[in-house]
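**Q** The numbering of the sequence shown is this note's numbering, which starts it at 138 and goes up by one.
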Amino acid sequence: MNIVRAAAPHLEDMVAYDPQYLPAKAFLSANENARDISESLRDMIAEKVALTPFNRYPDPLANDLRDQIACAYGLERDQVLVGNGGDELLFNLVLAWGGPGRKLLNVPPTFSVYTHNATLTGTEVVNVRRREDLTIDEEAVLERVSQGDIDCIVIASPNNPSGDLVDQRFIRRLLSETDALVLVDEAYYEFADVSTLPLLSEHKNLVILHTFSKAYRLAAVRLGYVLAHVDVVKELIKVRQPYSVDRVSQVIGSCVFERRAEFVQEIDEIIERRESLYASLIRLNRVQVYPSDANYLLIKVEGAHEIWEKLYERGVLVRDFSSTPGLENCLRVSVGSPEENALFLKEFTTIVQGDLI
Ligand SMILES: *Cc1c(COP(=O)(O)O)cnc(C)c1O
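Pasting the structure below:
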């Protein structure tokens, strides 16, 4: 037969996630770390990978890596779950706490993967929009949650793409005033050094998400983890793909986690570069820059889409959010290497000041 019946109806209006991966001289659109792992770490990994059996399935739960992570945070192994990137764990969240007839509270503009996953699982999304300055409307969230019908909540801190941190007092209130599962997405917390972790022991409804993709330079490997109560982890284990984290990734994750202290200095350098980029950008006329605690900056500028095109023609790829509701005229630029940042700044300044738009 040369025809096929239609896919499930909820896919009809869906568009596949598009990371806008285009080749460029300065690739500043995905918030990756501009630097690859060190030679000595690469050697350590190569040695361990060479000894890895490829014919056997991996440990489904990556228990060695779980133990390392648990130990570092003073938790039990059963409070940690490793996933195929943070993205898989975000999907597991709605598989376990969402589904038809259930509700996810979302605070847009934020990471689009949350609503994408909700659509896939038939979870209803309740949006409480951020304020004009892109900070969370805390009272509106608490008010909406008080209706008692929300099953799970996801909040990114720092938020992607606005870069702001959530107020920990607000998270504490939220965790106390609802029994909904609250996932705090801390994909960028290493750049902010603020974590909701201290609240974990008092709040069974808290889940914290971390990733190896940003500060730890492993975007290619696909590794993330959640920290949560044992009962929450137990449910998340039920919905996950048993072998989602392959053995090679487990080995690489273990090596990087063991040597994570080696990354601290560069994280500080990224923060310095972010601040210097911020300082240069706010001096430009007509350009608004949001203060950021992550490794990227959100910029608001008239004609953003045209500026994005001009930047790309000049070899600089940033992320265009100009067609996202609430982010009109916004571009997000990742903090890259000093050379990449300099190229971006030079071209951006020329385009904006030269009235090339
Ligand atoms: C990058 C990112 C993640 C996780 O990415 P993975 O590469 O799948 O680990 C999660 N949340 C936010 C907000 C991100 O930007």
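Just so it is clear, CB atoms sit at the ideal spot from N, CA and C, and this is done for glycine as well. Nothing here was measured: the structure is a model prediction, and the numbers come from that model.
#1: Measuring alpha carbon to alpha carbon, tell me which of R306, L346, E443 ends up nearest V321.
#2: Output yes or no for whether 8 Å exceeds the beta carbon distance between A167 and P295.
#3: Is K375 a contact residue of ligand 1, with contact defined as CB to any heavy atom under 7 Å?
#4: Quick check: what's the CA-CA separation for R423 versus R469?
#5: Please go through the stretch 363-417 and give each complete beta strand (DSSP E) segment of 3 or more residues, from N-terminal end onward.
#6: Leaving out the 5 sequence neighbours to the left and right, which residues in its chain are closer than 6 Å to E275 when beta-carbon positions are compared?
#7: Just to confirm before moving on: does the CB-CB distance between N170 and R354 stay below 8 Å?
#8: Roughly how many angstroms lie between the CA atoms of Y194 and P379, to the nearest whole one?
#9: Let me confirm a value: F328 is counted as buried when at least 16 other C-beta atoms fall within 10 Å, else exposed. Which label applies?
#10: Going straight from the alpha carbon of S313 to that of S429, what length do you get?
#11: DSSP on G361, reduced to helix/strand/coil?
#12: Let me check one thing: in DSSP terms, what residues is K437 bridge-paired to?
#13: Give the straight-line distance between the Cα atoms of R359 and W234, rounded to the nearest whole angstrom.
#14: Going by C-alpha distance, which of V401, I407, R384, R456 is nearest A187?
#15: Would N297 and L318 qualify as a contact pair, given that the criterion is a beta-carbon distance under 8 Å?
#16: Taking the continuous alpha helix (DSSP H) assigned at G473, which residues delimit it?
#17: Taking 8 Å as the cut-off, does the stretch 205-212 touch the stretch 391-400 (at least 3 CB pairs, one atom from each stretch)?
#18: From this set, A145, S381, L198, I419, which residue's C-alpha is nearest K371's C-alpha?
#19: Exposed or buried, what is D224 when buried is set at 16 or more other beta-carbons lying within 10 Å of its beta-carbon?
#20: Taking 7 Å as the cut-off, is the CB of D383 close to at least one heavy atom of ligand 1?
#21: For the beta strand (DSSP E) holding H253, just list the boundary residues, first then last.
**A** Concretely, from the data shown:
#1: When each option's Cα is compared against that of V321, the closest is L346.
#2: Pairing A167 with P295 gives a Cβ-Cβ distance that is not under 8 Å.
#3: K375 Cβ: outside cutoff for every heavy atom of ligand 1.
#4: Computed Cα separation, rounded: 16 Å.
#5: For the stretch 363-417, not a single whole beta strand (DSSP E) run of length 3 or above is found.
#6: Within the same chain, Cβ atoms closer than 6 Å to the Cβ of E275 are found at F307, the five residues on either side in sequence being excluded.
#7: Yes, they are a contact pair.
#8: CA-to-CA, the gap between Y194 and P379 works out to about 10 Å.
#9: The residue in question, F328, is buried, as its Cβ has 16 or more Cβ neighbours within 10 Å.
#10: Roughly 28 Å between the two C-alpha positions.
#11: Reduced to three states, the DSSP call for G361 is strand.
#12: K437 pairs with Q425, C467.
#13: Whole-angstrom Cα-Cα distance: 23 Å.
#14: The alpha carbon of A187 has as its nearest neighbour, out of V401, I407, R384, R456, the alpha carbon of R384.
#15: No, the pair does not count as a contact, with Cβ atoms beyond the cut-off.
#16: Here G473 belongs to no alpha helix (DSSP H), and DSSP marks it neither H nor E.
#17: Enough Cβ pairs lie closer than 8 Å, so yes.
#18: Cα-wise, what sits closest to K371 is L198.
#19: Only buried fits D224, as 16 or more other CB atoms lie within 10 angstroms of its CB.
#20: Ligand 1 has no heavy atom closer than 7 Å to the beta-carbon of D383.
#21: Premise fails: H253 lies in the alpha helix (DSSP H), 250-257, not in any beta strand (DSSP E).
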